[in-house]
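So the mapping is simple: our numbering equals the position in the sequence shown, first residue as 1, plus 216. Idealized CB from N, CA, C, for every residue including glycine. This report concerns only the one structure given below.
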Amino acid sequence: MKKNLKAVILVCMSILLLSLVGCTANPDKESQTGLEDKKAAEQSEKVANPDQSGEKMIGIVQIVEHPSLNTIRESFVQELAKEGFKEGDRISIDYQNAQGDQTNLKTICQKFANNKYDLIVAIATPSAQAAAGETKTIPVLFSACTDPLGSGLVANLEKPGQNVTGTSDAVSAEKIMQLAKRITPKIKTVGALYNSSETNSVSVVKDLKAYAAKNGLKVVEATVTNSSDVQQAVASLTGKADAIFSPIDNTVASAMPVVAQVANKAKIPVYVGADSMVKDGGLATYGINYTVLGQETAKMAVEILNGKKAGDIPVKMMSEMDIYVNKDTAKAIGVVIPEDVVKEAKVFGK
């Protein structure tokens, strides 16, 4: 009897042990986890040792999130794919955003340089300056740099030399103000809203002042250092200016909805430097198409990836410009956009 009881106990313990093993072991889950770990390890290996991956490593650094810069990045990647350089096929892309912080920007560019990436794509002037300051050997391809000469990125537009070239989003303050006079002809005082530490903005505001001096306009300035300053800066102009002008300024562009809110309440037109700034509430601009800018930057990247030296590729200045207007903003501030302007323009709003 005792022997039978022991046998039964042993059998029950064996069954219990097997059931516990069956519950804890999940081959499918373990297999999936292992696959994910393997993929993560492979990606880390690519970043740490790009030459071993068999793909070209491209580091993309962007100073801040706003529609114009995002459009450049997205169209750049799409155009690269059309040219045969797809993510995961011939190239790997490491995209980093500095969130408007100069310290982050330097850290990102140091990482790209230390890991010896094959190409650094720097979107906006501050990004390009940071990247160029970290390497003299890795090709640096900038995009949306308004004044490549004044910002010290290149010494010559036709023959940049060294390891830096790219595309410029330079706009004409004169032509934007000529458009402003067509839409709001009675303006006498223009408020310049910009970040005085962005060399791209400083150069355009300098042109604005030159135009104003020749055409009997007065310019008052409101400068900012970060996006949190923008609301107060706009408010300071509402009692002083008949219109506000902001160049392609990364700080202002990232806070454009705030600019529009304050200016619309005060019934003041805001003329800007980029199509996305019009879409986000500015009244109008005469500027470039940022999708095209990204595509042109990608075509230059292809040349570099195929072995051409960056310094041998001329800086691309965009000559194709369009008028952009925002009808919703016009209604909000009580401005009627002339029909001849509307016919020429690309229109946001209804």
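Simplified DSSP state of residue i, which is helix, strand or coil
{"i": "Val435", "result": "strand"}
{"i": "Asp445", "result": "helix"}
{"i": "Gln312", "result": "strand"}
{"i": "Val174", "result": "Residue 174 lies beyond the residue range present for the chain, which begins at 217 and ends at 566; the question has no answer from this structure."}
{"i": "Asp423", "result": "helix"}
{"i": "Gly565", "result": "coil"}
{"i": "Glu560", "result": "helix"}
{"i": "Ser470", "result": "helix"}
{"i": "Ile399", "result": "helix"}
{"i": "Lys483", "result": "coil"}
{"i": "Lys262", "result": "In this prediction, Lys262 scores a pLDDT of 49, lower than 50, which makes its location untrustworthy; the coordinate-derived value is nonetheless stated afterwards. Of the three classes helix, strand and coil, the one that applies to Lys262 here is helix, per DSSP."}
{"i": "Ala338", "result": "strand"}
{"i": "Lys322", "result": "helix"}
{"i": "Val280", "result": "coil"}
{"i": "Ser272", "result": "Note that residue 272 corresponds to Lys in the displayed sequence, not to Ser. Reduced to three states, the DSSP call for Lys272 is strand."}
{"i": "Gly378", "result": "Sequence check: residue 378 is Gln here, not Gly. Here Gln378 sits in coil by DSSP."}
{"i": "Ile354", "result": "coil"}
Integer Cβ distance of residue i from residue j, believed to fall under 8 angstroms
{"i": "Ala408", "j": "Val418", "result": "No, Ala408 and Val418 are not in contact; Cβ-Cβ is about 10 angstroms, not under 8 angstroms."}
{"i": "Thr545", "j": "Ala476", "result": "7 angstroms"}
{"i": "Val440", "j": "Val478", "result": "In fact, because the Cβ distance is near 13 angstroms, the residues do not count as touching under 8 angstroms."}
{"i": "Tyr282", "j": "Ser470", "result": "What sits at residue 282 in the sequence shown is His, not Tyr. Indeed they touch by this definition, with Cβ atoms about 4 angstroms apart."}
{"i": "Leu424", "j": "Ala438", "result": "Their Cβ separation, rounded to whole angstroms, is 13 angstroms, which puts Leu424 and Ala438 out of contact at 8 angstroms."}
{"i": "Tyr487", "j": "Ala459", "result": "6 angstroms"}
Burial state of residue i (16 or more Cβ within 10 Å)
{"i": "Asp385", "result": "buried"}
{"i": "Pro376", "result": "buried"}
{"i": "Met533", "result": "exposed"}
{"i": "Gln511", "result": "buried"}
{"i": "Gln345", "result": "buried"}
{"i": "Gly382", "result": "buried"}
{"i": "Glu295", "result": "buried"}
{"i": "Glu168", "result": "The requested residue 168 does not occur in the structure, where the chain is confined to residues 217 to 566."}
{"i": "Asp528", "result": "exposed"}
{"i": "Val414", "result": "Looking at the sequence shown, residue 414 is not Val but Glu. Buried, since its Cβ has 16 or more Cβ neighbours within 10 Å."}
{"i": "Ala396", "result": "buried"}
{"i": "Asn466", "result": "buried"}
{"i": "Asn379", "result": "buried"}
{"i": "Gly498", "result": "buried"}
{"i": "Asn416", "result": "buried"}
{"i": "Gly550", "result": "exposed"}
{"i": "Gln278", "result": "buried"}
{"i": "Asp556", "result": "exposed"}
Minimum Cβ-Cβ distance from residue i to chain C less than 8 angstroms
{"i": "Ser343", "result": "Of the protein chains in this structure there is only one, and it is not chain C."}
According to DSSP, residues forming a beta bridge with residue i
{"i": "Ala408", "result": "Glu437 and Phe461"}
{"i": "Ile288", "result": "Looking at the DSSP assignment, Ile288 forms no beta bridge with any residue, so it has no partner."}
{"i": "Thr383", "result": "Lys532"}
{"i": "Arg306", "result": "Lys302"}
{"i": "Gly349", "result": "Beta-bridge pairing links Gly349 to no other residue."}
{"i": "Gln359", "result": "Per the sequence shown, residue 359 should be read as Ser rather than Gln. Beta-bridge pairing links Ser359 to Ile339."}
{"i": "Val488", "result": "Ser462"}
Residue i beta carbon near the ligand SAM (any heavy atom closer than 7 angstroms)
{"i": "Leu433", "result": "This structure lacks the ligand SAM, and indeed carries no ligand of any kind."}
Q | Segments assigned alpha helix (DSSP H), at least 4 residues, entirely inside the segment 497-526 | A | 506-521
Q: For the segment 534-558, list the beta strand (DSSP E) runs that are entirely contained and at least 3 residues long, ordered along the chain.
A: 538-542
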